[in-house]
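J.: Sending over a structure as structure tokens; questions will come in a sec.
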Amino acid sequence: MTRDLSASQTAGTDYTTDEMMTVAASRELKDGTVCFVGIGLPSEAANLARATHAPECFLIYESGTLGAKPDVLPLSIGDGVLAEHADSVVSVPEVFNYWLQAGRVDVGFLGAAQVDRYGNINTTVVGPYEKPKVRLPGAGGAPEIAASAREVIIMLRHRKRAFVEELSFVTSVGHRYGGDSRSELGYTGAGPTVIITDLGVLRPDPETKEFTLAALHPGATVEQAKEATGWELKVAGDLDTTEPPTERELEVLRDLKARTEAVRRGARI
Amino acid sequence: MTRDLSASQTAGTDYTTDEMMTVAASRELKDGTVCFVGIGLPSEAANLARATHAPECFLIYESGTLGAKPDVLPLSIGDGVLAEHADSVVSVPEVFNYWLQAGRVDVGFLGAAQVDRYGNINTTVVGPYEKPKVRLPGAGGAPEIAASAREVIIMLRHRKRAFVEELSFVTSVGHRYGGDSRSELGYTGAGPTVIITDLGVLRPDPETKEFTLAALHPGATVEQAKEATGWELKVAGDLDTTEPPTERELEVLRDLKARTEAVRRGARI
Amino acid sequence: MSEMTTLREAVAGLVNDGDSLALEGFTHLIPTAAAHEIVRQKKRDLTLIRMTPDLIYDQMIGMGCARKLIFSWGGNPGVGSLHRFRDAVENDWPRPLELEEHSHAGMANRYVAGASNLPFAVLRGYVGTDLPKVTKTIAPVRCPFTGEELMAVPALNPDVAIIHAQQADRRGNVAIWGITGIQKEAALSAKKVIVTVEEVVEEFEPRPFQIVLPSVAVDAIAVAPKGAHPSYADGYYDRDNAFYEAWDPISRDRERFAGWMERHVLDTSDFGEYLQSIGKEGALR
Amino acid sequence: MSEMTTLREAVAGLVNDGDSLALEGFTHLIPTAAAHEIVRQKKRDLTLIRMTPDLIYDQMIGMGCARKLIFSWGGNPGVGSLHRFRDAVENDWPRPLELEEHSHAGMANRYVAGASNLPFAVLRGYVGTDLPKVTKTIAPVRCPFTGEELMAVPALNPDVAIIHAQQADRRGNVAIWGITGIQKEAALSAKKVIVTVEEVVEEFEPRPFQIVLPSVAVDAIAVAPKGAHPSYADGYYDRDNAFYEAWDPISRDRERFAGWMERHVLDTSDFGEYLQSIGKEGALR
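Protein chains in written order, with our numbering: chain A, 1 to 269; chain B, 1001 to 1269; chain C, 2001 to 2285; chain D, 3001 to 3285.
Encoded structure:
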């Protein structure tokens, strides 16, 4: 239902805000980096990057596929297409212990249900844990990705219910209470370095580690962003505007999604 | 050089004392048992058992071969012949953690350089550790086999320098100080239940756990056994005599060793 | 030593009310046929253990088989919520469901400890999250050499582990290839092991990233073709993505769910009949 | 990202005097070519780590490369003693050798901890043996849930791990099949990784019990045909059992050993020449 929403809600141009978000996220991925990818938007952005400017990105999925090269977007974290062209396939304990915990992951690419101003993530519950208003799926691989990846990229749509003043539950640690409070936890990773939304790009303040608006996507406004943020959103002095998607980026992305949709409508017993 | 010795030293019949020892040891292995096998004499006895009365014995070697079915005796613990017909091959951590430590091994089959009256084993040094008279190979997989196998069968030639009053070094625990002293260590395995030598068979006293002479091989005498034992060897009241090797046992064993010898003289660059 | 049997006999003989069960298969080779047989046999008060509960536990929870769930990610992959799981947690329907939740890394290492006959496993995680506040099975442990503090999780040793594999051979060995996830550790951590397979073959061929579980580590093997549907079996059939999407509306509504389960699972005698039954309906109604 | 290079360049560039090295290969795929190159380049003060030192460490120790040995079983498999190892321990020749000895299970779990970026591993062992009296890297640890006491061993994180594999592909991935022992953990526990291979192929075929080490986990790959001799490479050549037996008299005598190493290793420029050289002599003199 968020899908319909965002699809309708175009930026008044020939691409949707979701497409802008995916393209912007894909650009954050440098070629050759080892990337631990969550399913959904992160996987979409990572594979767009691999199909455009970052062909040598080494994608790891928590199902144990190392160097996955899916030709369509996986609908689950363990789709056959992930193993098919992977450099290697290992067990789940191995992918978490020998790869993620071992510090072999440059970038962890995460989605979220809720984030706070310090990039802490909630994917567990909305409301009290014992009697939740909404029971979310839970932790999955996110806590250790947030802990051990050298840096973390977070992607989620900009909504007030998602960008909250206070999380119901801290499932994965970002910059904790801000400042150096994360470093006290002894994690090797540096934490989240960017949050990509359908309105713009947020980056942490070097001192306070509070996520502030660093760039707006074309057509989006500061007011929209503030309106869609549950905390008093600060705006960078030198506010950038994101380069709109190139022909190539849109073409590759739409082709990828079209092929994926064909598969989604595919297999039947 | 022990090889020559024992080969010459026949029991005045048509088989050697080493053959009698191997045959006697093989008979200790019931069909269908899961057996963790050390290289050398234990491997010889285990494969004789598999080729005669115990075809369903499941042999595990520490190199990670599960259900090994070598058609010649491996000269090293990781010979290709072990993997060739194995049901599965796993990593070394897996064979020790998921199989041995997990309590999946019924019988651990060990050789030794020295044993004491309680079946404790030394394969580390003769003389002081810091300045050893003889530096032996060391622990290998023996300490955990002795710890975690449900029961342990020990095989070694009966010599005064091997059956000692006191070990220079306890590499692998048998019945420790005797009595219930082993159980205080919290190991799941019951410890050594038999020591097979080229003279006879020793079994632990139910109370003291001291190994006593339970059977003599044909032609061997109590005096020989006592003479070859570094402690005051006790003799069971109902001293048995081992059944001599059958035609079949000798035929299969000699065939196995002949094929192995052919391989030993084999591969050259 | 594994015994060739039927899934009905295996579940009847090895699964008891009140048992802790681990049905594993990390999005690949999910043991759906076995889950349905447990529902058919109306097993109760089960502690269900699984990293990704998926549709099979959504169905078992909705049918009242479970009193407790030990898990790390409870969603409908690529679609959204597990509505029966949510209804149990949010509204205690059809009965209250006790939760013990971990991260994937925590669950994976708990199986590793169980398979290794160790009481606990150690990992870098949980610190700074709210998980230790709600999950009792997380505790600090200190390295005796460096003094560093890490997190420990207790071993998982289910009464019964159930997995689905591509093949068994005549001697009762089991071959799994492709994404093998946590199946090996789940099986080796359990007191009893049931394996459903696509088929029995004379002997295994080498396959990419294949593992073989020896017969001595398995108690019962039952042939269940397509037994992982709507999940997939590498080399046999693809994931039925449409079914995962169809499950969303079916499971949203209590009555519709109950009717669907009765029609396709309770009123069928085995997984073959189930597949025919949903095939007739196109699985979508 | 692995780089294709020569063994000479890989050793010269990645191995330094004083480094801790793990040359692994559990009786299968022993990296002899790499060991010889280290001897040729006269590396010194090395801490040699290996479960089964075997002939390669007997040679490196005898040639004075090592100041310390971390191991679990130091014999000539199927033959008897490692005489250079014994001479170093018993008579400090050619120099004193510090020992840190464990059991196989202890060593294997130390590599697992190293590969997992954990400071220690836990196992059931050592209790009641004399090993904790002589080996400082064994310490008790208590389960925070059950209170049970177990033994801990510290992680191994060698400066350089060197393994021999059957194949690399064009992208620099490494394939190993048959008995893969501890190679994966040894490689993943190290700061730098050198792999010698029998050959480079376009792409890998499925092989029994094959593992693939991705290019990103390897620093240098060098082609070294027959590089594991006298060990074997499944699919390429058998174990040269005669050589293991021949090594006994060669290594028994200091002068004969030194002469043999000079003739066949120091005076040859690479492993290909070494093989020709011992081939001429029938390897036995």
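A virtual CB, placed ideally from N, CA and C, is assigned to each residue, including glycine.
The structure displayed is predicted, hence computed values, not measured ones.
1) Is it true that the region 3088-3101 of chain D meets the region 1128-1145 of chain B, where meeting means three or more beta-carbon pairs spaced less than 8 Å apart?
2) Assign D/Ser3269 to buried or exposed, taking buried as 16 or more other Cβ atoms, counted over all protein chains shown, within 10 Å of its Cβ.
3) Checking 8 Å against the spacing of the C-beta atoms, do C/Ser2189 and C/Gly2114 come in under that value?
4) Distance, Cα to Cα, A/Ile60 vs B/Leu1185?
5) Taking only beta-carbon positions, decide if D/Leu3188 is within less than 8 Å of chain A.
6) Taking the C-alpha atoms as reference points, what is the distance between D/Glu3273 and D/Ala3168?
7) Identify whether B/Arg1161 lies in helix, strand or coil by the three-state DSSP scheme.
8) On a CA-only basis, which of B/Pro1074, B/Val1034 and B/Leu1066 is nearest B/Glu1044? Give me that one, please.
9) Residues of chain A with CB under 7 Å from D/Pro3214, in chain order?
10) Is it true that the CB of A/Gly230 sits closer than 8 Å to the CB of A/Lys160?
11) Closer than 8 Å by beta-carbon distance: list the chain A residues that pair up with D/Ala3115, in chain order.
12) At 4 residues or longer, what runs of the alpha helix (DSSP H) sit wholly inside the region 1070-1122 of chain B?
13) Could you please give me the residues that DSSP links to D/Lys3068 through a beta bridge?
14) Report the three-state DSSP secondary structure of C/Ile2056 (helix, strand or coil).
15) Quick check: the region 2157-2172 of chain C against the region 2005-2023 of chain C, are there 3 or more CB pairs under 8 Å?
16) Whole alpha helix (DSSP H) runs in the region 1006-1066 of chain B with 4 or more residues, listed along the chain?
17) Looking only at its chain, what residues have a beta carbon closer than 8 Å to the beta carbon of C/Asp2238, apart from the 5 residues adjacent to it on each side?
18) Which residues, in order along the region 165-180 of chain A, keep a beta-carbon less than 8 Å from a beta-carbon of chain C?
19) Rounded to a whole number of angstroms, what is the C-alpha to C-alpha distance between C/Ile2250 and C/Asp2054?
20) According to DSSP, C/Ser1953 sits in a beta bridge with which residue or residues?
21) Just to make sure I have the definition right: I need the residues of chain C whose C-beta is within less than 7 Å of the C-beta of D/Leu3014. Which are they?
22) Bridge partners of C/Val2153, per DSSP?
23) Relative to the C-alpha of A/Gly237, which candidate in A/Ala215, A/Gln114, A/Lys257 and A/Leu82 has its C-alpha closest?
24) Could you list which residues in chain C have their beta carbon closer than 8 Å to that of D/Arg3207, in chain order?
25) Hey, A/Phe169 and C/Asp2092: beta-carbon distance below 8 Å or not?
26) Assuming the contact rule is C-beta atoms closer than 8 Å, B/Val1092 and B/Gly1064 should be a hit. Round their C-beta distance to whole Å, please.
27) To the nearest angstrom, how far is the alpha carbon of D/Gly3279 from that of D/Phe3271?
28) Within 8 Å (strictly less), CB to CB, does C/Phe2071 reach chain D?
29) How about the region 3121-3141 of chain D and the region 3193-3201 of chain D: do they share at least three Cβ pairs that are nearer than 8 Å?
30) From B/Thr1197, B/Gly1219, B/Leu1199 and B/Pro1192, pick the residue whose C-alpha is nearest to that of B/Pro1206; which is it?
31) Please classify C/Glu2037 as buried or exposed, where buried requires at least 16 neighbouring CB atoms within 10 angstroms.
32) Nearest-angstrom Cα distance between B/His1053 and B/Val1023?
33) Tell me whether the region 1173-1181 of chain B and the region 1118-1129 of chain B touch, counting them as touching only if at least three CB pairs, one residue from each stretch, are closer than 8 Å.
34) What does a CB cutoff of less than 8 Å around C/Glu2205 pick up in its chain, not counting 5 residues either side in sequence?
35) Name the DSSP bridge partner or partners of A/Asp240?
36) Please confirm if the region 2167-2185 of chain C is in contact with the region 1252-1264 of chain B, defined as three or more CB-CB distances below 8 Å between the two stretches.
T.: In short:
1) Cβ pair count under 8 Å is three or more, so yes.
2) exposed
3) Yes; because the gap between Cβ atoms is below 8 Å, this pair is in contact.
4) 43 Å
5) yes
6) Rounded to whole angstroms, the gap between the alpha carbons of D/Glu3273 and D/Ala3168 is 23 Å.
7) coil
8) B/Pro1074
9) What D/Pro3214 touches in chain A: Leu66, Gly67, Asp87 and Ser88.
10) Yes.
11) Going along chain A in sequence order, the residues near D/Ala3115 (Cβ under 8 Å) are Asn97, Tyr98 and Ala102.
12) Within the region 1070-1122 of chain B, the complete alpha helix (DSSP H) runs of at least 4 residues are 1080-1084.
13) D/Thr3047 and D/Glu3098
14) helix
15) yes
16) Within the region 1006-1066 of chain B, the alpha helix (DSSP H) runs of at least 4 residues that lie entirely inside it are, in chain order, 1017-1027 and 1041-1051.
17) Tyr2232
18) If you check each beta-carbon in the region 165-180 of chain A against every beta-carbon of chain C, the ones closer than 8 Å belong to Phe169, Val170, Thr171, Ser172, Val173 and Arg176.
19) 14 Å
20) No answer is possible for residue 1953 of chain C: it lies beyond the span of chain C, which begins at 2001 and ends at 2285.
21) Against chain C, a Cβ distance below 7 Å from D/Leu3014 picks out nothing, because the smallest value is about 27 Å.
22) C/Ala2121
23) A/Ala215
24) Pro2206
25) Contact flag unset, no.
26) 6 Å
27) 12 Å
28) no
29) Contact annotation: the region 3121-3141 of chain D does not touch the region 3193-3201 of chain D, with fewer than three C-beta pairs closer than 8 Å.
30) B/Pro1192
31) So C/Glu2037 ends up on the buried side.
32) As the crow flies, the alpha-carbon of B/His1053 is around 11 Å from that of B/Val1023.
33) Taking 8 Å as the limit for Cβ pairs, the verdict is that the region 1118-1129 of chain B does touch the region 1173-1181 of chain B.
34) none
35) A/Ala215
36) When C-beta atoms of the region 2167-2185 of chain C are compared with those of the region 1252-1264 of chain B, fewer than three pairs fall below 8 Å, so the two segments do not count as touching.
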